[in-house]
Amino acid sequence: MLKLYYTDPPGTENAVSRQDISNYVIHVTWSGDTDQAARKLEFTIAYNTAEKDAAFVPLNLLLGGTIEVSDVEETRETPIFIGRIFFRKRASDSFTFEFTCYDNMVYLAKSNIRANFKDIDVTSAVKQVCGSIGLETADNIPSITTVVNFIADDKSGTEVLQMLFDKAKADQGKSYRAISIGGKITVVERGETIENYIADSSVNVISAEHSESLEDMVDKVVAVNDDGSVGQIFTTEDEIGKYGTIQKIYKIQPPKSGESVDNVTAAKALLKAPKEESSLKALGDIQCISGYAITVQEEQLKGKFTIKSDTHHFENGIHTMDLTLEYLGEAEK
Numbered sequence: 000m001l002k003l004y005y006t007d008p009p010g011t012e013n014a015v016s017r018q019d020i021s022n023y024v025i026h027v028t029w030s031g032d033t034d035q036a037a038r039k040l041e042f043t044i045a046y047n048t049a050e051k052d053a054a055f056v057p058l059n060l061l062l063g064g065t066i067e068v069s070d071v072e073e074t075r076e077t078p079i080f081i082g083r084i085f086f087r088k089r090a091s092d093s094f095t096f097e098f099t100c101y102d103n104m105v106y107l108a109k110s111n112i113r114a115n116f117k118d119i120d121v122t123s124a125v126k127q128v129c130g131s132i133g134l135e136t137a138d139n140i141p142s143i144t145t146v147v148n149f150i151a152d153d154k155s156g157t158e159v160l161q162m163l164f165d166k167a168k169a170d171q172g173k174s175y176r177a178i179s180i181g182g183k184i185t186v187v188e189r190g191e192t193i194e195n196y197i198a199d200s201s202v203n204v205i206s207a208e209h210s211e212s213l214e215d216m217v218d219k220v221v222a223v224n225d226d227g228s229v230g231q232i233f234t235t236e237d238e239i240g241k242y243g244t245i246q247k248i249y250k251i252q253p254p255k256s257g258e259s260v261d262n263v264t265a266a267k268a269l270l271k272a273p274k275e276e277s278s279l280k281a282l283g284d285i286q287c288i289s290g291y292a293i294t295v296q297e298e299q300l301k302g303k304f305t306i307k308s309d310t311h312h313f314e315n316g317i318h319t320m321d322l323t324l325e326y327l328g329e330a331e332k
């Protein structure tokens with residue numbers, strides 16, 4: 000069961016604060032994607048005008064208003080979303096009002112910044128980016144010790160964060176992403192497995208699909224110096240033998256004072272295995288959101304999979320979800 004609360008934008012006259020609007024809600028869709036910054040909440044409420052129904056008490060949910068969503072089980076209430084209303088729509092011949100909200104990551108996606116990073120670690124740089132547009136970071140944001148030195152000029156906040164995370168991956172071999180939890184920005188490692196959850200065809204999976212592709216495969220990377228000479232070559236011999244050679248060039252980065260960059264790790268990161276993409280429809284679980292990994296035991300799918308995108312549907316007391324998955328190879332687990 001979901002609970003939705005509404006708060007008027009700051010400065011609103013006679014402002015409403017954390018009003019429970021759950022009884023008006025007809026349908027909720029809560030979604031996210033690893034290729035998009037913010038998580039999105041779309042919901043529809045019952046609505047009518049006094050002219051059509053004098054007994055009906057309509058809600059006035061304003062653009063910029065805050066929506067909080069909690070998942071309620073018995074006496075436990077778990078917050079799952081805090082965001083602002085960015086879009087609302089109503090047709091005059093309907094009895095509903097539709098709203099679209101985004102969490103605070105949307106401000107990083109829509110705001111361009113200029114940042115000058117000098118001998119600071121990635122975690123401090125993330126805090127600097129968020130602070131530049133007035134966003135709070137979580138107290139427990141993890142420590143990413145990769146040191147960076149560069150200027151990001153007129154880039155979106157999410158582009159700058161990705162630049163930071165790319166440098167951290169080149170240095171440490173780990174992939175990170177920023178998310179909003181409780182209205183504060185934090186960082187999580189991609190592919191972290193959700194504990195105590197298994198997508199099982201005999202228990203909670205409704206249907207599943209699976210596909211395989213060589214379209215994005217890279218099985219050979221040639222690392223070259225500034226003068227064009229070859230430094231090293233990295234291959235996945237088994238895949239070359241099976242599928243042929245698809246090659247990329249990596250330009251070796253010269254060392255910079257105070258900045259840690261591992262060219263070998265960065266070059267190897269360009270190697271891409273054959274792509275296996277899967278999707279499933281299952282009974283909903285609020286833990287299953289994009290960026291995390293789950294264990295699957297199904298007729299076609301077995302093993303650990305990263306959630307690339309998720310769409311959760313809540314209607315008539317029923318929670319279902321559609322997940323797009325990508326298989327985690329042994330080296331990524």
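Numbering (numbering that gives the first Met the number 0), first residue to last: 0 to 332. The beta-carbon is built from N, C-alpha and C at its ideal position, and this holds for glycine as well.
Burial state of residue i (16 or more Cβ within 10 Å)
i: I205; result: exposed
i: K332; result: Any reading at K332 must be qualified, since the residue scores a pLDDT of 43, below 50, and its modelled position is unreliable; no value is offered.
i: F86; result: exposed
i: L322; result: buried
i: F55; result: exposed
i: V71; result: exposed
i: V159; result: buried
i: N103; result: buried
i: I44; result: buried
i: L282; result: exposed
i: I317; result: exposed
Three-way DSSP call (helix, strand, coil) for residue i in this model
i: V218; result: Note that residue 218 corresponds to Asp in the displayed sequence, not to Val. Of the three classes helix, strand and coil, the one that applies to D218 here is coil, per DSSP.
i: Y101; result: strand
i: L107; result: helix
i: K154; result: strand
i: A207; result: strand
i: D118; result: strand
i: A177; result: strand
Beta bridge counterpart(s) of residue i as assigned by DSSP
i: S91; result: Paired residue(s): none; S91 is not in a bridge.
i: V159; result: V159 is not bridged to any residue.
i: L324; result: S277 and I306
i: L3; result: V68
i: D199; result: Q296
i: I112; result: K154
i: F96; result: I44
i: I317; result: E314
i: F164; result: F164 is not bridged to any residue.
Range of the contiguous alpha helix (DSSP H) that encloses residue i
i: S131; result: V121 to S131
Range covered by the beta strand (DSSP E) that runs through residue i
i: I20; result: No beta strand (DSSP E) contains I20, which DSSP labels as neither H nor E.
i: A14; result: No beta strand (DSSP E) holds A14; DSSP gives it neither H nor E.
i: T185; result: K183 to E188
i: I143; result: Here I143 belongs to no beta strand (DSSP E), and DSSP marks it neither H nor E.
Practice problem: Go through the stretch 227 to 314 residue by residue and report every complete run of the beta strand (DSSP E) that reaches 3 residues or more, in order. | Solution: 229 to 234, 246 to 250, 274 to 282, 292 to 296 and 301 to 314
Self-check item: Runs of beta strand (DSSP E) wholly within the stretch 29 to 88 (minimum 3 residues, chain order)
Solution: Counting whole runs of 3 or more residues, the stretch 29 to 88 contains the beta strand (DSSP E) stretches 39 to 45, 65 to 72 and 75 to 88.
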